[in-house]
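K.L.:
Have a look at this one before I ask anything.
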Amino acid sequence: PAERLIEAPVSPERSDAVYSQTSSSRLYLNYITTETCHAFRFSNREEITGCFQQEPIKELKLYKIASELLQTERAYVTRLHLLDQVFCAKLTEEAGKGTFPVEVVKGIFSNVGSIYTFHSQFLLPDLETRMSQCTLPRILYPTMQCSQEVCGNLTLQHHMLEPVQRVPRYEMLLKDYLKKLPEDDPDRSQAEKSLNIISMAATHSNTAIRKMENLKKLMEIYEMLGGEEDIVNPSNELIKEGQILKLAARNTSSMERYLFLFNNMLLYCVPKFSLVGQRFTVRTRVGVEGMKVLETSNDDYPHTFQVSGKERTLELQASSEQDKEDWIKAFRKTIEIFQQKNESFKSASKEVVDEVSTFPYLAPRWIRDNEVTMCMKCKEPFNPLTRRRHHCRACGYVVCYKCSDYKASLRYDGNKLNKVCKDCYFILTGRVDAEEPVSGKKRGILEIEAAQVSGNSFLCGFLQYSTDRTKPCQRVWCVIPQHDALVLYLYGAPQDVKAQCTIPLLGYQVEDVQRSVDHPPTSFRLRQSKSVHYFTADTEEVKLRWLRVICKAVIGEMPECQTPDVGDLANGCHEGMPDGT
1 PAERLIEAPV
11 SPERSDAVYS
21 QTSSSRLYLN
31 YITTETCHAF
41 RFSNREEITG
51 CFQQEPIKEL
61 KLYKIASELL
71 QTERAYVTRL
81 HLLDQVFCAK
91 LTEEAGKGTF
101 PVEVVKGIFS
111 NVGSIYTFHS
121 QFLLPDLETR
131 MSQCTLPRIL
141 YPTMQCSQEV
151 CGNLTLQHHM
161 LEPVQRVPRY
171 EMLLKDYLKK
181 LPEDDPDRSQ
191 AEKSLNIISM
201 AATHSNTAIR
211 KMENLKKLME
221 IYEMLGGEED
231 IVNPSNELIK
241 EGQILKLAAR
251 NTSSMERYLF
261 LFNNMLLYCV
271 PKFSLVGQRF
281 TVRTRVGVEG
291 MKVLETSNDD
301 YPHTFQVSGK
311 ERTLELQASS
321 EQDKEDWIKA
331 FRKTIEIFQQ
341 KNESFKSASK
351 EVVDEVSTFP
361 YLAPRWIRDN
371 EVTMCMKCKE
381 PFNPLTRRRH
391 HCRACGYVVC
401 YKCSDYKASL
411 RYDGNKLNKV
421 CKDCYFILTG
431 RVDAEEPVSG
441 KKRGILEIEA
451 AQVSGNSFLC
461 GFLQYSTDRT
471 KPCQRVWCVI
481 PQHDALVLYL
491 YGAPQDVKAQ
501 CTIPLLGYQV
511 EDVQRSVDHP
521 PTSFRLRQSK
531 SVHYFTADTE
541 EVKLRWLRVI
551 CKAVIGEMPE
561 CQTPDVGDLA
571 NGCHEGMPDG
581 T
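Residue 323 in full-length UniProt numbering sits at position 323 of the sequence shown, with consecutive numbering throughout.
Put into structure tokens, the structure is as follows:
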């Protein structure tokens, strides 16, 4: 039972470490006296003699193990005597002179005195009595040689390790003893019972050590963050920490950041250039409750993933693919454990939560400026003078100033007023738009969102496009959707809500363009009568993928979905949504 386990003192790395003394120590000491000794008892002289004659080698091994236990126990008691009667006595004497408080000495040595009393007065004498009853030949062990110095040329920290190391040593010897002990031996049940008790004590000791190490680490983080509140808490457990790059929401510039992932929250920190004292400033706390982690793909920045929480959504870049996988694994495992510990999240973990149910309780992912060329609401093209880009804080869309001239309180930001788009404003406030167009109005053929068709397409990606080989090419996002396999849609960016133009592929001729200064070998063109469209891919492989799809579409056949590999993704050839969601 847990109440019989010992709270073994852990070796302190600092002299002011304090370890609590519990009543469970005495229960364990009284109990283990009988159990450990019974495990190594020999029934009587006649039984041992008979067994030794039948199996002398096995019995000799059993005796060696028992003798090793006795010899190591004597050495252990010697170390405990040194700790209790020498170190502790001398420090207590100095504390009595007023050099330092007596409580410091009690905190360091904790229950070493009771452990020494138990082993020296109970366990060791009982072991010696049991071993003296054995008639097997004695095994000579080298006696413990001590140096002239009482401490054996070892520091106090080294000696304080003895109580912690002793419990695993008991477990190891008992396991070895049971391997050599016959199944029908009368001592086997007592030995197994003792092993079970010792194993529980070892587990309890290791758990206590981990808790102390975790509190020490939390204290270090507390100092690095300049005294951040609620860090040093026994319920907080550090899962992972490390440097990472954060991609800006408006553009893809990267900024160096530092993450501390705990079992209940994520600290998003900014490094401070300081050699001492505070090293990081906490920019945002993101709770694990409701957190989501998604892998993303970015043409310019590899190894990216997205962390979404109620407080904020972050798109992060790891240093390598392995580092990315480690972070995603740590996040997902932390979320899973958090949900398992909270009954209210068990049902939510089995169901898919759609975008409407989380709006506006989670911070949105901002669509980047370079992913759109027009307002995602009114579809008017942006320009740097009269129609600049703005972000809706509720949905993350990029809109113009007219479509973002509204404010509403958002729950994820503490119900503060934030700039939102027109649609989100009416949803959040519950008002009705007086200028709402008549329902049922059909959209134009170009009014199809790029993200919508890219997520369900045969092939999508960036190509250089031109209708005149004498004019410079324009980089466009091209999509051949599955619902309209004979049409090529051309967008200005992957998140545009309206296509620039469409090309009905049926009847076109696909031709390779001769290599020239204006057209590299990755170029091809579509020709029909006087209509000519020039395209240039980033690589030869991307070009071949497009040709395989287009060559079937121009003759009216259904193309096959092209599954690009990792190298093609970096070159702008995608299947599915461009942001990886």
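Where a beta carbon is used, it is the ideal one built from N, C-alpha and C, also for glycine. Just so it is clear, the structure is predicted and the values come from calculations on it, not from any experiment.
Does DSSP put residue 291 in a helix, a strand or coil?
P.N.:
coil
K.L.:
The beta strand (DSSP E) with residue 274 in it runs from where to where?
P.N.:
No beta strand (DSSP E) contains residue 274, which DSSP labels as neither H nor E.
K.L.:
From residue 456 to residue 482, what distance separates their C-alpha atoms?
P.N.:
6 Å
K.L.:
With a CB to CB cut of under 8 Å and the five nearest residues on each side skipped, what residues in its chain are close to residue 408?
P.N.:
For residue 408, where only same-chain residues beyond five positions count, the Cβ hits under 8 Å are 394, 417, 418, 420, 424, 425, 428, 429.
K.L.:
Can the beta-carbon of residue 270 be found closer than 8 Å to that of residue 257?
P.N.:
yes
K.L.:
Whole angstroms are fine: how far does the CA of residue 95 sit from the CA of residue 101?
P.N.:
6 Å
K.L.:
Going by DSSP in three states, residue 237 sits in which element: helix, strand or coil?
P.N.:
coil
K.L.:
Keeping to the same chain, check which residues put their C-beta closer than 7 Å to that of residue 364; ignore five residues upstream and five downstream.
P.N.:
Once the five neighbours on either side are set aside, the close Cβ partners of residue 364 are 313, 394, 395, 396.
K.L.:
Enumerate in chain order the residues of its own chain whose CB-to-CB distance from residue 452 is below 6 Å, with the five nearest sequence positions on each side excluded.
P.N.:
none
K.L.:
Label residue 511 either buried or exposed according to how many other C-beta atoms from any shown protein chain fall within 10 Å of its C-beta, with 16 as the threshold for buried.
P.N.:
exposed
K.L.:
Taking residue 69 as the reference, give the member of 176, 422, 546, 202 with the closest Cα.
P.N.:
When each option's Cα is compared against that of residue 69, the closest is 176.
K.L.:
To the nearest angstrom, report how far apart residue 287 and residue 309 are at their CA atoms.
P.N.:
Residue 287 and residue 309 have their C-alpha atoms some 7 Å from each other.
K.L.:
Using only the alpha-carbon positions, how far apart do residue 210 and residue 172 sit?
P.N.:
21 Å
K.L.:
Between the Cα of residue 597 and those of 507, 471, 413, 232, spot the shortest distance and give me the residue it belongs to.
P.N.:
A question about residue 597 goes unanswered here, because the residues of the chain that appear run from 1 up to 581.
K.L.:
Decide if residue 307 is buried, meaning its Cβ has at least 16 other Cβ atoms within 10 Å, or exposed.
P.N.:
buried
K.L.:
At the level of alpha carbons, what is the spacing between residue 666 and residue 384?
P.N.:
Residue 666 is absent from the structure shown; the chain starts at 1 and stops at 581.
K.L.:
Using a Cβ-Cβ cut-off of 7 Å (strictly less than) and excluding sequence neighbours within five positions of residue 537, which residues of its own chain qualify?
P.N.:
463, 522, 543, 546
K.L.:
Does the beta-carbon of residue 128 have 16 or more other beta-carbons within 10 angstroms, so that it is buried, or is it exposed?
P.N.:
exposed
K.L.:
Are three or more beta carbon pairs between the segment 103 to 111 and the segment 80 to 95 nearer than 8 Å?
P.N.:
yes
K.L.:
Under a Cβ-count criterion, where at least 16 other Cβ atoms within 10 Å of its own Cβ denotes burial, should residue 321 be classed as buried or exposed?
P.N.:
exposed
K.L.:
Buried or exposed, going by whether 16 or more other CB atoms sit within 10 Å of the CB of residue 133?
P.N.:
exposed
K.L.:
Please name the residue in 74, 449, 375, 283 whose C-alpha comes closest to that of residue 226.
P.N.:
283
K.L.:
On the three-pair Cβ rule with 8 Å, is the segment 199 to 208 touching the segment 230 to 246?
P.N.:
Output reads no: the segment 230 to 246 does not touch the segment 199 to 208.
K.L.:
Would you call the CB atoms of residue 231 and residue 263 closer than 8 Å?
P.N.:
no
K.L.:
So, helix, strand or coil for residue 372, using DSSP?
P.N.:
If DSSP states are grouped into helix, strand and coil, residue 372 belongs with coil.
K.L.:
Residue range of the beta strand (DSSP E) that residue 477 falls in?
P.N.:
474 to 481
K.L.:
Taking the C-alpha atoms as reference points, what is the distance between residue 331 and residue 261?
P.N.:
8 Å
K.L.:
Taking the Cβ atom as the reference point for each residue, do residue 454 and residue 476 lie within a distance shorter than 8 Å?
P.N.:
no
K.L.:
State the start and end residues of the unbroken beta strand (DSSP E) segment that holds residue 342.
P.N.:
From DSSP, residue 342 is part of no beta strand (DSSP E); its letter is neither H nor E.
K.L.:
With the cut-off set at 8 Å, would you say residue 532 and residue 379 are in Cβ contact?
P.N.:
Pairing residue 532 with residue 379 gives a Cβ-Cβ distance that is not under 8 Å.
K.L.:
Could you pull the start and end residues of the alpha helix (DSSP H) that residue 586 belongs to?
P.N.:
In the structure displayed, the chain extends from 1 to 581; residue 586 sits before or after that span and is not available.
K.L.:
Is residue 316 closer than 8 Å to residue 272 when the C-beta atoms are compared?
P.N.:
no
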